[in-house]
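Numbering (the numbering used here), first residue to last: 208 to 544.
Cβ coordinates follow ideal geometry from the N, Cα and C atoms, glycine included.
Please read these numbers as outputs of a predicted model, since none were measured by experiment.
Take a look at the structure set out below.
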Ligand SMILES: Nc1ncnc2c1ncn2[C@@H]1O[C@H](COP(=O)(O)OP(=O)(O)O)[C@@H](O)[C@H]1O
Ligand SMILES: [Mg+2]
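In structure tokens, the structure reads:
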């Protein structure tokens, strides 16, 4: 492990809840014509999620955000590296856990999806969508089931009378609240929210973001908040990690990343973001990144961003930049620094 990596993992006074250590997730893909190729969806990621923090994970589609999120909670195994979950009671490698331990981890590690229909059967009654997972974890007492359901309903601002409705009868906002209520049933330590507000319109988005903020405060839960929208990350996240083709290319407090973006890719994302504070516009360099994100099976050599970067230098084409500490909690992997 390099010195930078060590300092990155240890570099905060806050206690780590989840630590990615040299995590790789590779997929093998068969081309329609031709041989199999390897996709490096997550490529040597070192990252720490602190207790109670909301870590925003941003980047274009295809950058590996969902894969990293799934790996955080063990839905996807790492090809190599460790994913250490440590909450004071237990300390385990999520990526190597199985059997009873894996089932136990389900209580601590939860996920909310973009489309609640993908995780909740629309033809079920709302009450059952909450009762069934509780029973699966061994909660059988009727009074306890009722009490826990009412408590989480209250937390997400849903009225009791919809418990008897079918899921398909709910509005988009109500459905997303039900899916949040569902993950809260178990007092999770870490919730991965994967584009959880992307399908909601602006006013609902604000409501759901407020609920998530409140939950993180009331429950002390950490969030890995995945979004392709910088403006959403700015509102919700304590820190922001920017991902490009499997790598974390910039990391820092929201303040640092939004008002002092270092990586040309982050600058381009911010510049393209319509609802970021207009007074910051002149902080962002005018950057027009070229083309689209390269094919997932043919990552560029050196700095993977070099094929689109307006500041590309000779060494960018061959040498991989490390995620380097700049100041405060700000890190960047770019040869400009
Ligand atoms: N199960 C899978 N099998 C093969 N390739 C996958 C699989 N899941 C993701 N990928 C590939 O990994 C890369 C990253 O995908 P993903 O994690 O979904 O990114 P994001 O969430 O940032 O859009 C993409 O190129 C995607 O096609
Ligand atoms: Mg995704």
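1) Can you determine whether any heavy atom of ligand 1 sits closer than 6 Å to the C-beta of residue 271, and answer yes or no?
2) State yes or no: is the beta carbon of residue 463 nearer than 7 Å to at least one beta carbon in chain C?
3) If you scan the stretch 450-477 from start to end, which runs of the beta strand (DSSP E) of 3 or more residues do you find wholly inside it?
4) CB-CB under 8 Å to residue 425, same chain, minus the five flanking residues each way: which ones, in chain order?
5) Check whether the Cβ atoms of residue 334 and residue 282 sit closer than 7 Å, and answer yes or no.
6) Shorter than 6 Å, the distance from the beta carbon of residue 514 to the closest heavy atom of ligand 1, or not?
7) On the premise that residue 540 lies in contact with residue 529, defined as a C-beta separation below 8 Å, what is that separation, rounded to the nearest angstrom?
8) In angstroms, rounded to a whole number, what distance separates the CA positions of residue 238 and residue 278?
9) Is there at least one non-hydrogen atom of ligand 1 closer than 6 Å to the beta-carbon of residue 234?
10) Compare the beta carbon distance of residue 446 and residue 423 with 7 Å and say whether it is the shorter of the two.
11) So which of 346, 337, 247 has the shortest CA-CA distance to residue 286?
12) Note down the Cα distance separating residue 471 from residue 458, rounded to an integer number of angstroms.
13) Inspect the CB distances between the stretch 320-333 and the stretch 369-387 and report whether three or more fall short of 8 Å.
14) Can you give the beta carbon distance from residue 428 to residue 449, rounded, assuming they're within the 8 Å contact cut?
15) Measuring only from the beta carbon, is residue 248 closer than 6 Å to any heavy atom that is part of ligand 1?
16) Given a threshold of 16 other Cβ atoms within 10 Å of its Cβ, counted over all protein chains shown, does residue 342 qualify as buried or as exposed?
17) How should residue 315 be labelled, buried or exposed, when 16 other C-beta atoms within 10 angstroms of its C-beta is the threshold for buried?
18) Mapping DSSP to helix, strand and coil, what is residue 409?
19) Is residue 503 helix, strand or coil by DSSP?
20) Among 527, 406, 226, which residue has its Cα nearest to the Cα of residue 291?
21) Going along the chain, which residues of its own chain have a beta-carbon closer than 8 Å to the beta-carbon of residue 380, five neighbours each way excluded?
22) For ligand 1, I want to know if residue 503 counts as a neighbour, meaning its beta carbon is within less than 6 Å of at least one of the ligand's heavy atoms.
So, from the data block:
1) Looking up residue 271 in the chain shown gives position 64. Yes; taking the cut-off as 6 Å, the Cβ of residue 271 has a heavy atom of ligand 1 nearer than that.
2) The question asks about chain C, but that chain is absent: this structure has only one protein chain.
3) Within the stretch 450-477, complete beta strand (DSSP E) segments of at least 3 residues are found at 454-460, given in chain order.
4) Against the chain shown, residue 425 aligns to sequence position 218. Counting only Cβ-Cβ distances below 8 Å, and skipping sequence neighbours, we find 362.
5) Reading the chain shown from its first residue, position 127 is the one you call residue 334. Reading the chain shown from its first residue, position 75 is the one you call residue 282. No, these two residues do not count as a Cβ contact at 7 Å.
6) For the purposes of this step, residue 514 is identified with residue 307 of the chain shown, where counting begins at 1. Remark: the shortest separation between the CB of residue 514 and any heavy atom of ligand 1 does not fall under 6 Å.
7) Along the chain shown, one-based indexing puts residue 529 at 322. Along the chain shown, one-based indexing puts residue 540 at 333. That pair is a contact at about 6 Å.
8) In the chain shown, the residue the question calls residue 238 occupies position 31. In the chain shown, the residue the question calls residue 278 occupies position 71. If you draw a straight line from the Cα of residue 238 to the Cα of residue 278, it is about 25 Å long.
9) By one-based count along the chain shown, residue 234 stands at place 27. For ligand 1, a non-hydrogen atom lies closer than 6 Å to the CB of residue 234.
10) Mapped onto the chain shown, residue 446 falls at position 239. Mapped onto the chain shown, residue 423 falls at position 216. Taking C-beta atoms as the reference points, residue 446 and residue 423 fail to come closer than 7 Å.
11) By one-based count along the chain shown, residue 286 stands at place 79. Taking each of 346, 337, 247 in turn and checking the Cα distance to residue 286, the smallest one comes out for 247.
12) Position 264 of the chain shown, counting from 1, holds the residue named residue 471. Position 251 of the chain shown, counting from 1, holds the residue named residue 458. Computed Cα separation, rounded: 13 Å.
13) When Cβ pairs closer than 8 Å are counted between the two stretches, the stretch 320-333 is seen to touch the stretch 369-387, the count reaching three or more.
14) Here residue 428 refers to the residue found at position 221 of the chain shown. Here residue 449 refers to the residue found at position 242 of the chain shown. In this structure, residue 428 and residue 449 do not form a Cβ contact; the two beta carbons are roughly 23 Å apart against a cut-off of 8 Å.
15) Along the chain shown, read from residue 1 onward, the residue named residue 248 stands at position 41. Distance from the C-beta of residue 248 to the nearest heavy atom of ligand 1 is below 6 Å.
16) Working through the chain shown from its first residue, we reach residue 342 at position 135. It is exposed - the Cβ of residue 342 has fewer than 16 other Cβ atoms within 10 Å.
17) Start at 1 with the first residue of the chain shown, and residue 315 comes out as number 108. Its Cβ being crowded by 16 or more others within 10 Å, residue 315 is buried.
18) Counting from 1 along the chain shown, the entry for residue 409 is found at position 202. Three-state DSSP puts residue 409 in a helix.
19) Counting from 1 along the chain shown, the entry for residue 503 is found at position 296. In the three-state DSSP reduction, residue 503 falls in the coil class, being neither helix nor strand.
20) Numbered from its first residue, the chain shown carries residue 291 at position 84. Of the listed residues, the one whose Cα sits closest to residue 291 is 226.
21) For this step, residue 380 is matched to residue 173 along the chain shown. Within the same chain, and ignoring the five residues on either side of residue 380 in sequence, the residues whose Cβ sits closer than 8 Å to its Cβ are 407, 411, 414, 415.
22) Looking up residue 503 in the chain shown gives position 296. True, at least one ligand heavy atom lies under 6 Å from that Cβ.
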